[in-house]
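The opening position of the sequence shown corresponds to residue 9 in the working numbering, with each subsequent residue numbered one higher.
Here's the structure we're looking at; comments come further down.
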Amino acid sequence: MPAVMENARPLRAKSLPQKYFISTEIFTKEQAAIFSKQWLLVGHQSQIPKSGDYFVVDLAGESLIITRDQRSTIRGFYNVCRHRGTRLKEDAGGHATAIQCPYHAWTYGLDGRLVGAPHMDELAGFDKADYSLKAVNLGIWEGFIFVNLSDNPTPLEKWFAPLARKFSEWNMSILRAAKRIEYDVRANWKLMFENYSECYHCPGVHPQLQKVSPYDSAENDLTEGPFLGGFMKMNAGKSLTMSGNACALPVGKIDNLHHVFYYSIFPNMLLSLHPEYVMVHQLRPQSPGRTLIICDWFFHPDAFDRQDFRPNDAIEFWDMTNKQDWHMCELSQEGIASRAYEPGPFSSRESIPAAWDRYYIEQME
Ligand code: FES
Ligand SMILES: [Fe+2]
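What follows is the structure, encoded as structure tokens:
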């Protein structure tokens, strides 16, 4: 038997069939089977540091208001008035003492309680207590805010139990974002997960990244299930920044300064852990062929006031790398939509995209 045959692996795993990237029915099914059932990333607690702060998030066909109430508890509500259903908040976020409906001025506290409803006390039997805003299940993991639209979700702590203490070195609950960039990408959301999950494409697509972090240094430590990924080497003394130098204080007592860690958290979070910053992508599928990607760069709060704080060094590096990736995802979307497309074989360096697809298919079945 020729040596090449001995070493060859069977061509088991292939990319997904076309319908998963272009079909409206599949997209609708994903909304029901995945986005209406799983814990979804919507933000970080540092976005609403003070009582009265709030932001609005549109995800999975719903609009939600995430608030920090007067007791400093973070809560989530459907952005739907209990009077006649009107959208309450049109803005992206801010600070408020109450949430007032623009239509007939019903007013809600930041804890969701109805506190004012003009003329409704003239109605026998009307009790404000019956008309609080509808709450959405909400939980905090490592400082990140997650919501779950299902009636009886797996408790957040149980869902994330396999990752307990895995990321404690990075101090994620206390970090603060220096920058947010939103990308409107003309590609299916699964293409971003598949793209994020391999560095087979890195030599050609990311010449700058490849110089600092060799594509063949990737090792995976989470290889099956909803949480997938591993780490790659960074050349000695180097950082993933435009200059190649560290751009801030380390985010914590990081033991390993020569690795960058990449994990995907099903179904809408990508977590990239560097010694001095944490980058998080949040995916919000809009249609089979369009995805909104929100990218935040988090740093240690003490880093911000220091002379050596150069966040743009990291932001520019990843903004460039992100755009290189999204361009590939858009080209993939175009090709996959062709009648010539058929699923192709994953390489030995694409075991994580293959595992991601397996988990995705399980959720859809
Ligand atoms: S619909 Fe909101 S107050 Fe009437
Ligand atoms: Fe990439």
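All C-beta atoms, glycine included, are put in the ideal place defined by N, C-alpha and C.
Since the model is a prediction, treat every value here as computed from it, not as a measurement.
Under the three-state reduction of DSSP output, Q26 falls in the coil class, being neither helix nor strand. The beta carbon of Q341 sits closer than 7 Å to those of F29, R194, A195, N196, L199 and G297, all from its chain and outside the five residues before and after it, given in chain order.
Between R76 and D66, the CB-CB gap reaches or exceeds 8 Å.
Bridge partners of Y116 according to DSSP: I107 and L122. Taking the Cβ atoms as the reference, Q78 lies roughly 6 Å from L118, within the contact range of under 8 Å.
Boundaries of the beta strand (DSSP E) around T299: R298 to F307. Scanning Q26, H289, Q55 and L265 for the CA closest to the CA of R184 turns up Q55. For the stretch 72 to 100, the full-length beta strand (DSSP E) segments reaching 3 residues or more read 82 to 86 along the chain. For S280, the closest C-alpha among the options R318, G352, F201 and R292 is that of F201.
Between E324 and M250, the beta carbon gap of about 5 Å places them in contact (Cβ cut-off 8 Å). Around the beta-carbon of D263, fewer than 16 other beta-carbon atoms lie within 10 Å, marking it exposed. Relative to the non-hydrogen atoms of ligand 2, the Cβ of D313 never comes closer than 7 Å to any of them. If you look at A186, you'll find it in the beta strand (DSSP E) that goes R184 to V193. Chain order is used for the residues whose beta-carbon lies nearer than 5 Å to a heavy atom of ligand 1, namely C89, H91, R92, T94, C109, Y111, H112 and W114.
For L157, the three-state secondary structure derived from DSSP is coil.
Checking the DSSP bridge columns, you'll see W149 partnered with F152.
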